[in-house]
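So the structure is just underneath, and the comments pick up after that.
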Amino acid sequence: MIRVRVPATSANMGAGFDTLGIAFNLYSRLEIEETESGLEIITVNNSGNVQSDRSNLVYRAMDAVFGEAGYKQRGLRIKQDSAVPMTRGLGSSSACIIGGMLAANAISGRKLSYPEILELAAAMEGHPDNVAPALYGGFCVSASENGKIFVKSMKLRSGLRFAVMIPDFFVATKKSRGALPETVSLRDAAFNISRASLFQAALVTGDWELLRYGVEDKLHQPYRRSYIEGFDGIFEETYRLGSKATYLSGSGPTIVSVLSGRGDRFRRGMESFFSENSHKWRCMILECDNVGSVLSEI
Ligand code: HSE
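Here my numbering is used: the first residue of the sequence shown is 416, the next is one more, and so on.
In structure tokens:
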């Protein structure tokens, strides 16, 4: 049997649209074995609808690797146990894709390298910023060019914590991407290049006071904020409570604040704010996962 553990991820990180991403210590777990025939999908602890037929994302990701490897599988039993909330902007689909691909690669004789798996995964997901940290862990910068992915994963040993604020509603990535303009002005493009670069420099040099300027964004957050009731008030409250930088996680609706302390006071403050404002949100304090996906065979 193959076991795979894949971290949750948070993409964009403000200005780094389709480029920056980070892995968190919140996990999706798969147990997969090859059987004589058929497909059995068992889900445990899942927060949304998981397909139990061949349209299942883990299965489709496995099938893509089997196709590349020229492997004919007989049957499969897939058990999915995920603590990563679905369609909330925390990389649940990337976790399914990376987990399925790593398992299929192990079953079919490890014919694909990690860079090849990443390319297949980014093609399936449509962008590399979640799949890269899901595979490698850490804080990742990715760029894609004609299907090839350039990626650097940096391990964060900063002691930073991440307050991950998750609402009880979801926004599908497809809808959230549909809200974005086809073209942007040179001024907005230059604005984002400067902020995304500043964010990385601040993170790498430990200058936490610059992070809040580095998450400023003109490419996606202004177009997506209308999906989230109370968006501006939530951002203001996070900064009042000491956030070093607050951004929309991936395509949302989860909002992440970067914290330099342990985060207990921040979490309690945000929980009171949410309940006073009748927002049904929960707040978890997470750390960066520097390990990435882990596969074991038992
Ligand atoms: N970069 C992607 C987007 C992430 O913003 O649409 C989706 O989770």
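Beta carbons: idealized from backbone N, C-alpha and C, even for Gly.
Item checked: Under the three-state DSSP convention, the category arginine 677 falls into -> Three-state DSSP puts arginine 677 in coil, outside helix and strand.
Return helix, strand or coil for serine 690, following the three-state DSSP convention. Residue state for serine 690 is assigned as helix, using DSSP reduced to three classes.
(message) Which residue marks the beginning of the beta strand (DSSP E) containing alanine 587, and which one marks its end?
(response) Per DSSP, alanine 587 lies in no beta strand (DSSP E) and is assigned neither H nor E.
So the candidates are Ile649, Tyr486, Leu472, Ala660; which of them puts its Cα closest to the Cα of aspartate 632?
Among Ile649, Tyr486, Leu472, Ala660, the Cα nearest to that of aspartate 632 is on Ala660.
Secondary structure of serine 672, DSSP reduced to three states: The DSSP-derived three-state label of serine 672 is strand.
Close-in-space but distant-in-sequence residues of the same chain around alanine 387 (CB under 6 Å, 5 per side omitted) | Lying before the first or after the last residue shown, residue 387 is absent from the chain, which here runs from 416 to 713.
For asparagine 607, verify whether its CB is less than 6 Å away from any heavy atom of ligand 1.
No.
Query - For isoleucine 649 and asparagine 714, the rounded distance between their alpha carbons - result: A query on residue 714 cannot be resolved here, the shown segment of the chain reaching from 416 to 713 and no further.
By alpha-carbon positions, which one of Ser497, Ser568, Met501, Ile643 ends up nearest to leucine 435? Nearest to leucine 435 by C-alpha distance, out of Ser497, Ser568, Met501, Ile643, is Ser568.
Inset, instruction - Name the one or two DSSP bridge partners that alanine 617 has. - result: The secondary-structure analysis by DSSP pairs alanine 617 with nothing; it has no beta-bridge partner.
Determine which residues share a DSSP beta bridge with arginine 444 and list them.
-> DSSP output for arginine 444 lists Arg420, Asp496 as bridge partner(s).
- Could you please give the first and the last residue of the uninterrupted beta strand (DSSP E) stretch that includes tyrosine 662? 660-663 is the extent of the beta strand (DSSP E) around tyrosine 662.
- Beta bridge counterpart(s) of valine 465 as assigned by DSSP: Beta-bridge annotation (DSSP): valine 465 is not paired with any residue.
key: Helix, strand or coil at threonine 458 according to DSSP, with G and I counted as helix   = Strand at threonine 458.
### Query
Among Ser573, Arg640, Ser675, Ala484, which has the Cα closest to the Cα of glutamate 531?
Checked all of Ser573, Arg640, Ser675, Ala484; the closest Cα to glutamate 531 is Ala484.
Quick check: the region 451-462 against the region 558-575, are there 3 or more CB pairs under 8 Å?
The region 451-462 is not in contact with the region 558-575.
- Task: Tell me the start and end of each unbroken beta strand (DSSP E) in the region 520-576 that is at least 3 residues and wholly inside, in chain order.
- Result: Taken in chain order, the whole beta strand (DSSP E) runs of length 3 or more contained in the region 520-576 are 554-560, 563-569.
Handout entry: Rounded Cβ spacing between leucine 505 and alanine 423 (contact assumed at less than 8 Å)
Key = Leucine 505 to alanine 423, Cβ: 5 Å. Contact.
First and last residue of the beta strand (DSSP E) that includes methionine 699? 696-701 is the span of the beta strand (DSSP E), which, as asked, contains methionine 699.
Please determine if the region 604-617 and the region 641-656 are in contact, where contact requires at least 3 C-beta pairs separated by less than 8 Å. With the cut-off at 8 Å, the region 604-617 and the region 641-656 do not touch.
Q: Please confirm whether any heavy atom of ligand 1 lies closer than 6 Å to the CB of aspartate 433.
A: Because some heavy atom of ligand 1 lies under 6 Å away, the Cβ of aspartate 433 counts as near it: yes.
Rounding to the nearest angstrom, what Cα-Cα distance links phenylalanine 614 and valine 556 in this structure? Taking the straight line joining both Cα atoms gives about 11 Å.
Fill in: Strand pairing of serine 641, partner residues [DSSP]
Residue pairing of serine 641 in beta bridges, as defined by DSSP: absent, with no partner found.
Quiz item: In terms of DSSP beta bridges, what is serine 591 paired with?
Solution: Note: serine 591 sits in no beta bridge, so no partner.
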